[in-house]
Structure formats: structure tokens, C-alpha cells
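Note sheet for the following structure.
There are 2 protein chains.
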Amino acid sequence: MVRPRNPLNIGAAARAMANFGFHEMVAVSPYSPVWQETRSAVGAEEIVISARAVESLVEAIGDASVVVGTTAGSRRTLDRELIPLPDFPTWLQQRKVGGRVAVLFGSEKTGLSNEHLSYCHTLVRIPTAVGCPSMNLGQAVAVCGYELARAGLVPTHPLRLSVHQSDLASVQSLYHLFDRSARVLEQVGYLKPKSRRATLIKLRRLMLDLELTNHDARILGGILAQVEWKIGQGNSE
Amino acid sequence: MVRPRNPLNIGAAARAMANFGFHEMVAVSPYSPVWQETRSAVGAEEIVISARAVESLVEAIGDASVVVGTTAGSRRTLDRELIPLPDFPTWLQQRKVGGRVAVLFGSEKTGLSNEHLSYCHTLVRIPTAVGCPSMNLGQAVAVCGYELARAGLVPTHPLRLSVHQSDLASVQSLYHLFDRSARVLEQVGYLKPKSRRATLIKLRRLMLDLELTNHDARILGGILAQVEWKIGQGNSE
């Protein structure tokens, strides 16, 4: 959950997770008083107690192989594929994901920002009514948990997801690669002040779409290191 | 919703209904202050404003052709068929229900009582984890709404349900029939004080299971009226 604002919602989300067999909750920069106020929801004491609060989204999802954003599908996200929630389990199974899957929920007021969405491999939309698209946070977690459990995709059934383990690079190593690429682009003057932010968001998305394996990531990392070295040499000459 | 206790939950349930295209909410004997306190949930103003509060379950579901109870599937209901929620749309479609379907949710604390359950044609269970089976009321409504909308079974798609209209007797007319039967059983001395309540619950269930048409109900009603008349004659002789 990114920047959750309401302690009741955090408790409700924890309970919904417990209802459907999910255990690990991470809050990204929750408002501090909110986080302090969060009380254990019925049957979800363990989840709330073991929940982590972290400062950045990257910290929260670093060890995931796939990051999925949830959205009501407002205009700003229309340039990206939106998977309807009922099709999400199939999408996940077809990707043969070996590692962990992170599902992101935005704040009650604003949802996930474009910046947050750029960290996502794909976006999932709960098919809500046109007249009332935006769901309550705890209820959105409940519905997503239900759909995943319905397809048997809960952490207590790890086999379902890991039968066809691929060697997909972890998000963490992709971020290292991304940071390195951004540095190189900076050094070669590719990033213009005005479009810098948008360019980096596009680059991150591109990098996720490539579905790099760990092997790919190592090779690309090596290339980038070499480029950096060369540029550094040129500068010092 | 039968005896809802928490105004936040009522508002949350209304919002979930709006999210998935449902409109009509009825509260059966809500605690009065609770009902007064209920505030419109985001996007669900119409539902909350038009929601009815009634005294008895029969008033709430009188015009439905099918009544479905939701339950966490605790021991007391194990003697009845429990349909897992993912299978519920298929069950509904196979019955070729022509009229309205009422879905009952019990109070947060106790769920639906055996008395309430005896009014249900069938029971639906949300497949929750063994360690945390009981769902928050608003989240249970959200998940049920999602599953029904997922199958296209929302009131805005009435055709899906009414393509194969059957002439199934309304719950209201079944209750009239049931009251008449109970009166006759009383008069012939079939009901013993000790087992009276349990017998009537069984009778109600049996009557629902028969899936009587309106035609059947009229014939049976006529027979019962005749029996009553005869008994009355015997008494006055």
C-alpha cells in the first residue's frame, strides 16, 4: 500500500489478506500518526504486527519478480494495457513467474501516481461500474485477494507459481541496471531538463517490458559499466 | 443485511454495491441509532438514501424468487449444501430464475441465525482461509458483488437472468402457503411444544426445496384451505 491515509483501511486490508491467505503487508511512506494508530484487525493480528513501513516503493518491492499496480482505470493510465482482474490469474500463470509478486494499492485519495505506475510490469483494473469506479482500499484488497485465491494463487500454494521457474531478473537488479542506465544517459547528455522525468519513466517501463533474465541483466550491466568507464576516461583526458 | 451493527459497514456495503452495479439495499431491524448514523459512502449516496429499513426478514425478501444466505460455513450450517461463491453464478444461471434474487448478509457479530438461514433456498460460502474465515461485512458484500458482476449477473443486465423465465412462485406466496400449512399442522396437533420451532424450520426449508411454481402454490393453497374448512366444521359440530 502506497501512502495509506486511514488506519481503519489498513486494518481492513490486513483482515482481507488474512481471509484469503496472504501474509506480507508493506506500507510505503504511510503518514506516521496513521501507522501508529493502526490496530490489529480481527484475525489479522500477525499481519499487522509483522507489516513493514518503508520510505520508498523500491524498498517495498525490491525482491519481487513481478510488480502489478491496481487502478480504477482513469484517463491518465489509458496509454497502458489494463488487465481486468478476472484475467489477471491467467496472465500471471502464462508468464510462468518464479519469484514473488507484489500487488500495489495506491492511497485512498489519489491512487497510484504515474511515477508509481512506471514501476509496474502491468496494471490490473477491478471492473467496477462506470458511475462509481473508485473502490474503498480495504474492499479493493479483499476483491483482489479473492480473485487470486479463487485461482489458487496464494502464498500457501507456492508450487502453482514455481512449477515453471524462469530466471527472470529480480526487480531489485533491474533497478540497479536502471540507475546505471540513467547515469550513462545523464553523462552523454541524453536527458533534457524538461523531459528528464518523463524519459526516465519511459525507460523504466521499457526495461520492465523486456523481461530480462538475470543473465541478460548481468550482460547489460557489464556493457553499461564499460561505457561509464570509457566516458570517465574521456572526461579525464 | 440482517441486523447490521456498524454504520461504517453499512456505508461501505453501499459503496461496494455501487462499485459493482447493485442498487437496492434493505436493512432488517438495524439498531436504530446505527441506522440514523449511516452516512452516504463515496459514490453510493443514492443507495443509502433509498435504502429501506424493515422489521422482519420476510418484509425484506418478500418479492424475491430466490433467497440466498451468505455464511462463513461454521459448524451449525454443515447440514446444508454450501455453494462456494465462485460456483454461485452457475448455480443461479442453471436455475433459470426469472425474478429477483435476494442475497442476505448477517450481522457482524453473529452472522445469519438458523432461523434466517431457513428462509434461504441455498447458502453461499466465500472460500476464506481456515485460520481467518470470518469476513468484514463491507468486504463480504464487495466480494459477492464482484463475483456476480464478473458473471454479468447485475440488475443492469436483467436479460441474462430472465431469458428462461420460469413461473417460480415468489417467496411472498410461499410464505402465505407456509403460514397456512403451519396453521393446519397446529390444528391437527402435529406440532409438539418441544420440537415446534425445529419442525417449522424444516417445513420452510422443504417448501423452498420443492421449487413450486405459482400454479403449484395455488393448488396447494386451495387444498390447505379445504382442509382448514373441514377441520373448522368438525370443531363446530
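These protein sequence lines map, in sequence, to chains P and L.
According to the numbering used here, the first sequence holds residues 1 to 237 in order.
According to the numbering used here, the second sequence holds residues 238 to 474 in order.
Every residue gets a Cβ at the ideal spot worked out from N, C-alpha and C, and that includes glycine.
(request) Any chance you could list the alpha helix (DSSP H) runs of at least 4 consecutive residues sitting entirely within the region 134 to 214 of chain P, in chain order? (result) Within the region 134 to 214 of chain P, the alpha helix (DSSP H) runs of at least 4 residues that lie entirely inside it are, in chain order, 137 to 150, 158 to 162, 171 to 187, 196 to 209.
(message) If you measure between the beta carbons of L:A249 and L:T307, is that distance less than 8 Å?
(response) At least 8 Å separates the beta-carbon of L:A249 from that of L:T307.
(request) With a threshold of 16 other CB atoms inside 10 Å of the CB of P:H116, please say whether the residue is buried or exposed. (result) Residue burial is scored here from C-beta neighbours: P:H116 has at least 16 other C-beta atoms within 10 angstroms and is therefore classed as buried.
(request) Kindly indicate which three-state DSSP category L:V279 falls into: helix, strand or coil? (result) Per DSSP, reduced to three states, the secondary structure at L:V279 is coil, with no helix or strand assignment.
(request) Taking all protein chains shown into account, decide if L:I456 is buried (16 or more other Cβ within 10 angstroms of its Cβ) or exposed. (result) Answer is exposed; the Cβ neighbour count stays below 16.
(message) Give me, in chain order, the residues of the same chain whose beta-carbon lies closer than 6 Å to that of P:R52; leave out the 5 immediate sequence neighbours on both sides.
(response) Contacts found: V26.
(request) Kindly give me the distance between the Cβ atoms of L:V304 and L:C357, rounded to whole angstroms, as I take these residues to be in contact under 8 Å. (result) Contact between L:V304 and L:C357 holds: CB atoms are separated by about 5 Å, below the 8 Å threshold.
(request) Going by CA-CA distance only, name the one from L:A253, L:Y268, L:H260 that's closest to L:N243. (result) Selected option, being the one with the closest Cα: L:Y268.
(request) Could you say which of L:L349, L:L405, L:Y427, L:G426 lies nearest to L:V338 if we only look at CA atoms? (result) Ranked by how close their Cα comes to the Cα of L:V338, the residues L:L349, L:L405, L:Y427, L:G426 have L:L405 in first place.
(message) Suppose you measure from the CA of P:A149 to the CA of L:R417; what does that come to, to the nearest Å?
(response) The straight-line gap from Cα to Cα measures roughly 46 Å.
(request) Taking only beta-carbon positions, decide if L:M372 is within less than 8 Å of chain P. (result) With 8 Å as the cut-off, L:M372 counts as an interface residue toward chain P.
(message) Using a Cβ-Cβ cutoff of less than 7 Å, which residues in the same chain neighbour P:L92 once the five nearest sequence positions on both sides are dropped?
(response) Result list for P:L92: V101, L153, in chain order.
(request) For the beta strand (DSSP E) holding P:P84, just list the boundary residues, first then last. (result) It spans 82 to 84 - the beta strand (DSSP E) in which P:P84 sits, taken as one unbroken run.
(message) Just to make sure I have the definition right: I need the residues of chain P whose C-beta is within less than 7 Å of the C-beta of L:F257. Which are they?
(response) Neighbours of L:F257 on chain P, chain order: T128, A129.
(request) Spell out whether any CB of chain L is found under 8 Å from the CB atom of P:G106. (result) So no, P:G106 is outside the interface.
(request) Using a cut-off of 8 Å between C-beta atoms, extract the partners of P:A16 located in chain L. (result) Within 8 Å of the CB of P:A16, the CB atoms of chain L belong to M372, N373, Q376, in sequence order along the chain.
(request) Establish whether the CB of P:A149 and some CB of chain L are separated by less than 8 Å. (result) Yes - at least one Cβ of chain L is within 8 Å of the one on P:A149.
(request) Report yes if the CB atom of L:V271 is closer than 8 Å to the CB atom of L:L349, and no otherwise. (result) The answer is no: Cβ separation not under 8 Å.
(request) Using only the heavy atoms of the ligand HEM, determine whether one of them is closer than 7 Å to the beta carbon of L:Q273. (result) As presented, the structure is devoid of all ligands, the ligand HEM included, so that no description of it is given.
(request) Please check if any C-beta of chain P sits within less than 8 Å of the C-beta of L:P241. (result) L:P241 does not count as touching chain P.
(request) Please list the partners that L:A288 has in chain P, where partner means a Cβ-to-Cβ separation under 7 Å. (result) Residues of chain P passing the Cβ test: none, with the nearest at roughly 15 Å.
(request) Taking L:A281 as the query, report the chain P residues whose CB atoms sit under 9 Å from its CB, ordered along the chain. (result) In chain order: C132.
(message) On a Cα-Cα basis, can you pick out the residue from P:P127, P:L210, P:G131, P:P155 that is closest to L:G382?
(response) Residue P:P127 holds the alpha-carbon nearest to the alpha-carbon of L:G382 among P:P127, P:L210, P:G131, P:P155.
(request) Show which residues of chain P have a CB atom less than 7 Å away from the CB atom of L:L323. (result) It is Pro, not Leu, that sits at residue 323 of chain L in the sequence shown. Ordered by position in chain P, the residues that pass the 7 Å Cβ test against L:P323 are R150.
(message) Using a Cβ-Cβ cutoff of less than 8 Å, which residues in the same chain neighbour P:I83 once the five nearest sequence positions on both sides are dropped?
(response) Cβ within range, chain order: W91, T122, L123, V124, R125.
(request) Determine which residues share a DSSP beta bridge with P:S238 and list them. (result) Outside the shown range of chain P, which is 1 to 237, sits residue 238 of chain P, and nothing can be said about it.
(request) Say whether chain L places a C-beta atom closer than 8 Å to the C-beta of P:Y190. (result) Cβ-Cβ to chain L under 8 Å: no for P:Y190.
(request) Sort P:S29, P:L210, P:D216, P:Q226 by Cα distance to P:V184 and report the nearest one. (result) Closest by alpha carbon: P:Q226.
(request) Note down, in chain order, every chain P residue with its Cβ under 9 Å from the Cβ of L:V265. (result) Near L:V265 there are no residues of chain P at all, since even the closest Cβ is about 22 Å away, more than 9 Å.
(request) For the alpha helix (DSSP H) containing P:S32, list its first residue and its last residue. (result) Element bounds for P:S32: 32 to 37.
(message) So that I know if they touch, is there some Cβ in chain L lying closer than 8 Å to that of P:A142?
(response) Chain L, which has a Cβ nearer than 8 Å to the Cβ of P:A142, makes this yes.
(message) Cβ closer than 9 Å: which chain P residues qualify as neighbours of L:A249?
(response) Within chain P, the residues near L:A249 are A12, N136, G138, Q139.
(request) Give the single residue among L:I460, L:F257, L:G375, L:M372 whose Cα lies nearest to the Cα of L:F415. (result) The candidate whose alpha carbon is nearest that of L:F415 is L:I460.
(request) Flag P:Y146 as yes if its beta-carbon sits less than 8 Å from any beta-carbon of chain L, otherwise no. (result) Answer yes: the Cβ-Cβ gap between P:Y146 and chain L drops below 8 Å somewhere.
(request) Grab the span of the beta strand (DSSP E) containing L:A249 for me, first residue to last. (result) Following the DSSP letters along the chain, one finds L:A249 in no beta strand (DSSP E) but inside the alpha helix (DSSP H) bounded by residues 244 to 256.
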